[in-house]
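Colleague: Counting in my numbering, the sequence shown runs from 593 upward without gaps. One structure, as C-alpha cells, below. Some questions next.
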Amino acid sequence: MGAEIEKTAGPPAYTVGHKRSRKPVYLTFLVTFICSLFFFSPHFWMSHNCSGDLDLPEMSALASVAPPPIQYDEFLSRQSRLVALLKDSEIDAFISEPGTGTTKYLFGQEFEWSLSERPFLFVVTEDGTIAIVYPKFEETRVLQLLPKAITPLNYKLLPWEENSTAFIALADFLSESLKDTYQVSVDPNVRGFILSGISLKTSSTNVIAKDGNLIIRQIRMHKSTAELALLKQANVVTKAAIATAAKFVRVGTTEDGLRNNVLAALRAGGLINVWAIILFGDNAAYPHGTNGETKKLTSSGSVILVDAGGELYGYQSDITRSWWFNGGNKNNLPPLEVREVWGTVREAQKAAIAKAKIIGSNCDDVDSAARSVISSKGFGEGYQAFTHRLGHGIGLEGHEEPYLTLGNSETKVAAGQTFTVEPGIYIPGKLGIRLEDVVVIREHIDEATGDLVRDVEIFGAESESIDEPFKGHL
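Printed below as a string of C-alpha cells:
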C-alpha cells in the first residue's frame, strides 16, 4: 500500500490547509491515541503475560499502609528472653550461624555473611554475654559489618587463626567460667559440621551440644504485636494480589502468564522475594505441581489453583486460592464434582479453625478435625485424597513451628501462634482444590466471668464460596 500512496496525485497527506489531507491525519492520531491507552493499561500488560512491575492502584494503596519493621528495642528484648531461658534450662550458651531464621530473629536481617568452611558463630551465654567467633584474617571486614547486627555494646570478639579452629576458640571462651563440662544449645538450622565440631573435647573443656529447638521455639513460636502486624499485612497483600491477577484471566492465559501477573501484583503491594505456584485443571491434582507440560486456559473452563507469597521486612506470607474459570461464558458454571470438592475443602477448613479455638487442643486435634470432614464425604481416610499435613507455622520462615500434622499431639495450640490452615483434596487425572489462610491464636480474660477466652483471627478475607471466591479480598 505504501507504494500506491506515493503514486497518488495531489499534495502530500501532511500538507497544511488541504481539506482532503486532514482525514488521514486525524484518523492516524485517533487510532494512535486509542492504541496507546490500551497499550499502557494494566489490563493490556496483564492479559499479554508481560506484566513486569506493575503499579496497580489497589496494590500500591496497600503498600502505602505497611507497618514499620521490627524496632531495635524488640531485638534486645528477644535476646534478654533467650538469656532468661538459658538460665532456667541450665544451658551455658546458645550458638547460631549468620543467615538462619533464628539469627535474623535475634540480631536483625541487615548483617550478611557468606557461609564457608570457616565457621562464623554468634554465641549468647547464660550471663548475657554475646560473643562473635570469626576467622582472624577477616577481622577488618567483620568490624565493618558488625554494626549492622543488633547487639548490646558489650559483645566480645573471639577471632581464631588459620592454624586453629573456631571450635577451640569457642571452648577456650567457655572455659573461662572454670567448669569441667558445658551444655550448649545449637540452632537446629546450623550446618552439620558445625554441630559435630562444637561437640569436642579439649584437654580441659568438654562441650556437649544439644538441639536448640527446645529453647528457641519457646520465643519464636509466639509472635509479638509488631510481628503480627507485619504478618497480617503480608498476607492481606497476597490475597489482594491473587484476586487482582484473577481479574485478568481469560481464554489463552497460560500458567506461566498468570504466574507473572501474580508476581507483579505482589511486588506492587510492597512484597519482595515473591513466589507463586500456578496450576490449571488436572495439574492441580498434585499439591505443588509436576515437571510436566504447562497448561493454557480454553473456553471449556478449568479449575485454577494459585499458591503464592512473599516477604515484608523478613516476615512471610503463604496463601492459596482455588476457583473455577468459566471460559468466558458466565453460564459455564462449576461442574457438580468441582463444587462438591470445593465445598468439602471449605468445610474442612472451618472445622479445623473451630477446633483450634478450643483451649487445650493440640496440633494433631486440629489436623484430624479437617481430615475427618474430608473422609466423611467419601474422599478416603488418612492421606488418601488430603495428601499433606494441615498446616505449618509462619514468621521469618515460610515453614516453622508449630506443624499441624497427625501425631503432633505434644505441641499445644497456644496464644501468639501463627500458622496456615490449608486442607486440600487431590484427585489425579481430574482436579485439585486447596484453600489456605494464615491465622493467629488470640486469648483474653472475659471480664464478666473471669474465664480464659480464645479466638482465631484470620489475616484478611476468607474464600467463602466458589461462586464468589474473592469477595472482600480487594
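Where is the CB? At the ideal position from N, CA and C, for every residue including glycine. Being a predicted model, the structure only gives us computed values, none of them experimental.
Determine the DSSP secondary structure at A868, reduced to helix, strand or coil.
Modeller: Correct three-state label for A868: strand.
Colleague: Roughly how many whole angstroms lie between the Cα atoms of L678 and Q810?
Modeller: The straight-line gap from Cα to Cα measures roughly 11 Å.
Colleague: Evaluate F714 with the Cβ neighbour count: other Cβ atoms within 10 Å of its Cβ, from every protein chain shown; 16 or more gives buried, anything less gives exposed.
Modeller: Label assigned to F714: buried.
Colleague: K1063 by DSSP, collapsed to three states: which one?
Modeller: Of the three classes helix, strand and coil, the one that applies to K1063 here is coil, per DSSP.
Colleague: Where do the N-terminal and C-terminal ends of the beta strand (DSSP E) with T773 fall, by residue?
Modeller: Run containing T773: T773 to V778, per the beta strand (DSSP E) assignment.
Colleague: So is V854 in contact with chain B if we call contact Cβ pairs under 7 Å?
Modeller: Going by chain labels, chain B is absent from the structure shown, which holds only one protein chain.
Colleague: So, are the CB atoms of V725 and A763 less than 7 Å apart?
Modeller: No. Outside cutoff.
Colleague: Helix, strand or coil: which one does DSSP assign to G935?
Modeller: Three-state DSSP puts G935 in a helix.
Colleague: Using the DSSP secondary-structure output, state which residues sit across from V1013 in a beta bridge.
Modeller: Note: V1013 sits in a beta bridge opposite D1029.
Colleague: Please report the residue range of the beta strand (DSSP E) in which A900 lies.
Modeller: S894 to L904 is the extent of the beta strand (DSSP E) around A900.
Colleague: Excluding the 5 residues flanking E1054 on each side, which residues of the same chain have their C-beta closer than 7 Å to its C-beta?
Modeller: The residues are D1029.
Colleague: With which residues is E1035 paired in a DSSP beta bridge?
Modeller: E1035 pairs with R1046.
Colleague: Going by DSSP, which residues form a beta bridge with I705?
Modeller: Sequence check: residue 705 is Trp here, not Ile. Paired residue(s): none; W705 is not in a bridge.
Colleague: In the DSSP assignment, what are the bridge partners of I722?
Modeller: Answer is V716.
Colleague: Under the rule that 16 or more other beta-carbon atoms within 10 Å means buried, what is I652, buried or exposed?
Modeller: According to the sequence displayed, residue 652 carries Ser and not Ile. Classification for S652: exposed.
Colleague: Taking the alpha carbon of R1046 as the reference point, which residue from E1035, K771, E1039 and A1040 has its own alpha carbon closest?
Modeller: Of the candidates E1035, K771, E1039 and A1040, the one whose C-alpha sits nearest the C-alpha of R1046 is E1035.
Colleague: Here's a check: name, in chain order, each residue in its chain whose Cβ is nearer than 6 Å to the Cβ of A658, leaving out the five neighbours to either side.
Modeller: Q825 and G862.
Colleague: In chain order, what are the residue ranges of uninterrupted alpha helix (DSSP H) at least 4 long that sit wholly in the stretch 917-983?
Modeller: Entirely contained in the stretch 917-983, the alpha helix (DSSP H) runs reaching 4 residues are, in chain order, 928-948 and 955-968.
Colleague: Buried or exposed: which applies to K1063, given that a residue is buried once 16 or more other Cβ atoms fall within 10 Å of its Cβ?
Modeller: Classification of K1063: exposed, given that the 10 Å Cβ count is below 16.
Colleague: Apply the 10 Å Cβ neighbour rule to Y1018 and answer buried if 16 or more other Cβ atoms are within range, or exposed otherwise.
Modeller: So Y1018 counts as buried.
Colleague: How is the beta strand (DSSP E) around A801 delimited, first residue to last?
Modeller: Start and end: N798 to D803.
Colleague: Can you grab the Cα-Cα spacing for the pair L737 / E704, in whole Å?
Modeller: So the two alpha carbons sit approximately 8 Å from each other.
Colleague: Note down the Cα distance separating T1134 from G693, rounded to an integer number of angstroms.
Modeller: Coverage of the chain is limited to positions 593 through 1066, which leaves residue 1134 absent and any answer about it impossible.
Colleague: Indicate whether L982 and A944 have their beta-carbon atoms separated by less than 7 Å.
Modeller: Yes, the pair counts as a contact, with Cβ atoms nearer than the cut-off.
Colleague: Can you find a heavy atom of the ligand ZN that lies under 6 Å from the Cβ of L982?
Modeller: Within the structure as shown, the ligand ZN is missing, as the structure has no ligands at all.
Colleague: Would G893 be called buried (16 or more neighbouring beta carbons within 10 Å of its own) or exposed?
Modeller: Its Cβ being crowded by 16 or more others within 10 Å, G893 is buried.
Colleague: Could you check the C-alpha separation between L927 and I966 for me, to the nearest Å?
Modeller: Inspection of the sequence shows that residue 927 is occupied by Pro rather than by Leu. When rounded, the distance between both Cα atoms is 19 Å.
Colleague: Check the DSSP bridge columns for L749 and list the partner residues they point to.
Modeller: I724, per the DSSP bridge assignment.
Colleague: Nearest-angstrom Cα distance between P634 and R963?
Modeller: Caution applies to P634, whose pLDDT of 44 falls short of 50 and renders its modelled position unreliable; the model cannot decide the point.
Colleague: In the DSSP output, which residue or residues are listed as bridge partners for Y1018?
Modeller: Y1018 pairs with G1024.
Colleague: Alpha helix (DSSP H) containing P879: first to last residue?
Modeller: Careful: P879 lies outside any alpha helix (DSSP H) and carries neither H nor E.
Colleague: Whole angstroms is fine: what's the gap from S688's alpha carbon to I1025's?
Modeller: The straight-line gap from Cα to Cα measures roughly 39 Å.
Colleague: Rank F971, E993 and P1015 by C-alpha distance to the C-alpha of D899 and give the top, closest one.
Modeller: It is P1015.
Colleague: Can you list, in chain order, the residues of its chain with a C-beta nearer than 7 Å to that of L998? Leave out the 5 residues immediately preceding and following it.
Modeller: Same-chain partners within the cutoff: D956, D959 and S960.
Colleague: Residues in its own chain within less than 7 Å of R851 by CB, not counting five upstream and five downstream?
Modeller: Excluding sequence neighbours, R851 sits near A868 and I870.
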